[in-house]
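One structure is given below, encoded as structure tokens.
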Amino acid sequence: MPELPEVETIVQNLSSKIRGAEVSSFRLFFPGLIRNKKKKILEKLRGRKIINIRRRGKLILIDFDNDLTLLVHLKMTGQFVFYPSHESVDKHTHFILSFKGQKQEVRFRDVRKFGFIQCLLTSEALKLINLGPEPLEISFSSFQNLFKGRQACLKSLILNQNFIAGIGNIYANEILFEAKLHPINSVSLLKEEELKRLWKAMRLVLKRALKHRGSSIRDFKDAEGRVGSFQNFHQVYGKESLPCPHCGARIERLRIGGRSSFFCPQCQREKSKILIEP
DNA sequence: ATTCGGACCTGAAAGC
DNA sequence: TGCTTTCAGGTCCGAA
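The opening residue of the first sequence carries number 73 in our numbering; numbering runs sequentially from there.
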């Protein structure tokens with residue numbers, strides 16, 4: 073479900089509600105959710121205060137005042153939502169954190185159970201995962217450097233979290249449309265001017281999506297239970313056979329690296345590796 | 001060294 | 001009304 077804009081939206085919700093809150097109790101319904109071998113480590117969170125909630129790529133990090141951090145990945149259908157404590161718990165709720173003096177508790181729900189939570193030392197939390205730079209923080213020249221010596225196909229590369237962190241399938245499609253670049257192009261063929269378009273498109277699309285509090289296609293809800301609205305502004309994602317909003321050509325769908333890729337064959341031209349001289 | 005399919009899960013929607 | 005197939009905001013792993 074969640075890519076950078078959705079995860080950031082949830083992190084903002086959580087920050088405003090539970091930064092500084094003290095954990096009174098937790099409940100774990102699906103032990104497989106916790107990646108640590110010893111689930112008992114969670115006991116160390118009881119009575120501790122949350123000092124910070126951060127995002128890195130698509131990961132949520134909840135830092136506690138005893139140098140422990142909960143690393144959370146929502147994967148496809150994970151949700152963090154506040155519920156009144158008295159409300160009944162449904163079968164997709166796998167973990168609940170309750171706070172001292174608060175009538176609301178935060179519940180982790182995940183229909184497909186792909187998501188995970190891991191409890192780590194704060195200083196170690198990001199060391200396990202090799203994440204690329206943040207797309208909204210990287211300068212153009214650093215961005216350009218990332219591509220040196222690479223020759224993968226463009227769409228696969230920007231979906232690769234080691235390359236750049238936080239972009240998933242929806243935003244990869246939308247960014248490439250905005251940049252007018254064909255998803256299957258090899259990055260080795262891109263000129264500086266095209267990389268600049270890509271960098272600008274990446275920033276523009278992600279910032280717009282943040283402003284609209286993410287895209288809700290089927291499962292995404294923020295921590296207040298609200299849906300995002302950026303799905304209303306998608307140009308190509310999920311729009312196979314519909315007219316391109318720019319030129320009217322029919323949007324096509326292609327499978328790249330096992331993921332659906334939507335693009336306008338007119339606006340996003342494929343580059344041929346073979347130069348045909350007349 | 002990359003790329004591919006399958007695996008991990010469940011449920012909604014489409015196809016027959 | 002079924003029953004079956006396909007698809008889904010992600011990532012990991014092992015085999016070609």
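For every residue, glycine included, the Cβ atom is placed at its ideal position computed from N, Cα and C.
Only counting the same chain, and skipping five residues up and downstream in sequence, which positions put a Cβ closer than 6 angstroms to that of residue i?
i: R184; result: M148, T149
i: I348; result: The pLDDT assigned to I348 is 46, lower than 50, so where the model puts this residue is not dependable, and the model offers no usable value.
i: R331; result: N241
Using 10 angstroms around the beta-carbon of residue i, count the other beta-carbons present and answer buried if the total reaches 16, otherwise exposed.
i: A321; result: exposed
i: F186; result: exposed
i: P77; result: buried
i: K319; result: Going by the sequence as given, residue 319 is Cys instead of Lys. Exposed, because fewer than 16 other Cβ atoms sit within 10 Å of the Cβ of C319.
i: E75; result: buried
i: K354; result: Nothing in the structure corresponds to residue 354, since the chain is present only between 73 and 350.
i: H158; result: exposed
i: L226; result: buried
i: K130; result: buried
i: Q223; result: exposed
i: S262; result: Correcting the residue identity first, residue 262 is Leu in this sequence and not Ser. Classification for L262: buried.
i: L193; result: exposed
i: N85; result: buried
i: G104; result: exposed
i: R327; result: exposed
i: G297; result: exposed
i: K311; result: buried
i: G240; result: buried
Would you call the CB atoms of residue i and residue j closer than 8 angstroms?
i: E177; j: I168; result: yes
i: R120; j: D137; result: yes
i: N232; j: S333; result: no
i: A251; j: F171; result: no
i: W271; j: F215; result: yes
i: H254; j: Q307; result: no
i: S287; j: I242; result: yes
i: F335; j: L248; result: yes
i: G329; j: S228; result: yes
i: L100; j: K112; result: no
Using only the alpha-carbon positions, how far apart do residue i and residue j sit?
i: R91; j: D162; result: 26 angstroms
i: A281; j: M73; result: 14 angstroms
i: K283; j: T81; result: 9 angstroms
i: H164; j: F102; result: 9 angstroms
i: L314; j: G204; result: 34 angstroms
i: R290; j: V277; result: 20 angstroms
i: I256; j: K293; result: 31 angstroms
i: K220; j: A295; result: 39 angstroms
i: V153; j: T141; result: 19 angstroms
i: L200; j: R127; result: 15 angstroms
i: L208; j: K279; result: 8 angstroms
i: L114; j: R107; result: 11 angstroms
i: K109; j: C191; result: 10 angstroms
i: H145; j: K89; result: 20 angstroms
i: Q151; j: S211; result: 31 angstroms
i: Q303; j: G173; result: 37 angstroms
i: E265; j: D139; result: 45 angstroms
i: R275; j: K268; result: 11 angstroms
i: K116; j: V299; result: 33 angstroms
Who pairs with residue i in a beta bridge, going by DSSP?
i: Y243; result: DSSP output for Y243 lists no bridge partner at all.
i: I328; result: R331
i: R99; result: I168
i: F188; result: H145
i: L131; result: R128, H145
i: Q84; result: Beta-bridge pairing links Q84 to no other residue.
i: D365; result: Since the displayed the chain opens at 73 and closes at 350, residue 365 lies outside it and no answer follows.
i: K121; result: E94
Using C-beta distances below 7 angstroms, list every residue in its chain close to residue i, excluding the 5 sequence neighbours before and after it, in chain order.
i: P337; result: A321, E324
i: S206; result: With the sequence shown as reference, residue 206 is identified as Glu, and Ser is not the correct amino acid for it. A237, G238.
i: E342; result: H254, I256, N257
i: S301; result: H284, R285
i: Y309; result: I242, N245, E246, F334
i: P317; result: Q307
Report all residues from its chain with a CB closer than 8 angstroms to the CB of residue i; omit the five preceding and five following residues, and keep chain order.
i: I123; result: R91, G92, D135, F136, D137
i: R118; result: V95, S96, S97, F98
i: V83; result: I125, R126, R127, I132
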